[in-house]
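Now the structure itself:
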């Protein structure tokens, strides 16, 4: 469906948030499907790493690893959203934290939850948390990709007003009928596809995870923060700003500093093995 704005036609968003709807407000949502696809992709990658001798976890441990990561992602994402973006609701109606089917997940919170999960996995399976982190960061971008696509389908987290030819009119956005950047799709490419390709390339085509455990984790933090900051330039900012910045940019700057600290710390450690043969 097209909408005319200032003499030009733009696509009007009219996606149904349900893949299959059984009754009013109940069914299989695209948002839920995105999480399922993300976790299935992570399970497949973990299995592939094990078969190729690239994982510190044996076959029996993989399912527990995935389960712990799922819990860390969901709890961190939901709690992070409530703490960072909807604190009033958390304080007045804390039970709403379990209403994950209604959306409201923060990517920064999900990453924080995964960090906690990595620390626990390292402790439980007597593995270096740095090595665990290097494995886990390669799994996340696929889920982010599917999640951002679901954000677009849901017609949420829209972009700033724009008249680029591919702009989209989101019915829920105000002022009504004004085209905007489909920033969710930009973020899907940057935070999801680009990060997935980069991290998989580094993981398979270099020995950084063996020679300098933890550096790939730091690289993920740095790159995710940078592409998120870039993507925020097209995204409609939240009403509440921090130091004049959108919350997404502020939290990404913190993440960037953490990533730089990780990389500097790991580069200062003596590399393992006979020589540093990083091929990338």
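In my numbering, the protein residues as written are 45 to 324.
Every residue, glycine too, gets a C-beta built ideally from N, C-alpha and C.
Integer Cβ distance of residue i from residue j, believed to fall under 8 Å
{"i": "residue 116", "j": "residue 160", "result": "6 Å"}
{"i": "residue 80", "j": "residue 73", "result": "With a Cβ gap of about 10 Å, residue 80 and residue 73 do not count as contacting."}
{"i": "residue 291", "j": "residue 282", "result": "5 Å"}
{"i": "residue 197", "j": "residue 61", "result": "7 Å"}
{"i": "residue 157", "j": "residue 49", "result": "With a Cβ gap of about 40 Å, residue 157 and residue 49 do not count as contacting."}
Residue i and residue j closer than 7 Å at C-beta
{"i": "residue 266", "j": "residue 300", "result": "yes"}
{"i": "residue 325", "j": "residue 47", "result": "Summary: the structure shown does not reach residue 325, with the chain confined to residues 45 through 324, and so no result is reported for it."}
{"i": "residue 259", "j": "residue 307", "result": "yes"}
{"i": "residue 78", "j": "residue 269", "result": "no"}
{"i": "residue 227", "j": "residue 279", "result": "yes"}
{"i": "residue 110", "j": "residue 87", "result": "yes"}
{"i": "residue 85", "j": "residue 178", "result": "no"}
{"i": "residue 315", "j": "residue 239", "result": "no"}
{"i": "residue 106", "j": "residue 90", "result": "yes"}
{"i": "residue 223", "j": "residue 211", "result": "yes"}
{"i": "residue 180", "j": "residue 264", "result": "no"}
{"i": "residue 166", "j": "residue 230", "result": "no"}
{"i": "residue 100", "j": "residue 171", "result": "yes"}
Distance between residue j and residue i (C-alpha atoms, nearest Å)
{"i": "residue 318", "j": "residue 102", "result": "Because residue 318 carries a pLDDT of 46, less than 50, the predicted location of this residue cannot be relied on, and no value is offered for it."}
{"i": "residue 175", "j": "residue 235", "result": "22 Å"}
{"i": "residue 83", "j": "residue 51", "result": "44 Å"}
{"i": "residue 173", "j": "residue 57", "result": "43 Å"}
{"i": "residue 225", "j": "residue 204", "result": "6 Å"}
{"i": "residue 321", "j": "residue 256", "result": "Here residue 321 scores only 43 on pLDDT, less than 50, and its place in the model should not be relied on; the value that follows carries that caveat. Each residue's Cα considered, the two are about 11 Å apart."}
{"i": "residue 324", "j": "residue 288", "result": "A caution first: residue 324 carries a pLDDT of 39, below 50, which makes its placement in the model too unreliable to give a value."}
{"i": "residue 108", "j": "residue 118", "result": "15 Å"}
{"i": "residue 92", "j": "residue 154", "result": "24 Å"}
{"i": "residue 294", "j": "residue 286", "result": "7 Å"}
{"i": "residue 53", "j": "residue 246", "result": "43 Å"}
{"i": "residue 94", "j": "residue 133", "result": "43 Å"}
{"i": "residue 127", "j": "residue 261", "result": "25 Å"}
{"i": "residue 311", "j": "residue 70", "result": "51 Å"}
{"i": "residue 163", "j": "residue 232", "result": "28 Å"}
{"i": "residue 296", "j": "residue 97", "result": "33 Å"}
{"i": "residue 200", "j": "residue 248", "result": "35 Å"}
{"i": "residue 277", "j": "residue 129", "result": "19 Å"}
{"i": "residue 250", "j": "residue 242", "result": "12 Å"}
{"i": "residue 131", "j": "residue 284", "result": "12 Å"}
{"i": "residue 183", "j": "residue 305", "result": "22 Å"}
{"i": "residue 45", "j": "residue 55", "result": "6 Å"}
{"i": "residue 209", "j": "residue 76", "result": "31 Å"}
{"i": "residue 169", "j": "residue 59", "result": "44 Å"}
Residue i Cβ short of 6 Å to the ligand FAD heavy atom set
{"i": "residue 254", "result": "Among the ligands in the structure shown, none appear at all, so the ligand FAD cannot be discussed."}
Fill in: Cβ contact (3+ pairs, closer than 8 Å) linking the region 112-126 and the region 136-156
Touching, per the Cβ criterion.
Worksheet item: With a cut-off of 8 Å, do at least 3 Cβ pairs link the region 54-70 to the region 134-142?
Response: No: the two stretches stay apart, fewer than three of their Cβ pairs being nearer than 8 Å.
Worksheet item: Mind pulling the beta strand (DSSP E) runs of 3 or more residues that sit fully within the region 185-212?
Response: Under the rule that a run must span 3 or more residues, no beta strand (DSSP E) segment is found entirely inside the region 185-212.
Worksheet entry | Any beta strand (DSSP E) of 3 or more consecutive residues that is wholly inside the region 93-152 | Correct list: empty.
Fill in: Length-filtered (4 minimum) alpha helix (DSSP H) runs lying within the region 207-290
If one requires a minimum length of 4 residues, the alpha helix (DSSP H) runs lying completely within the region 207-290 are 227-231, 239-249, 252-255 and 259-276, in chain order.
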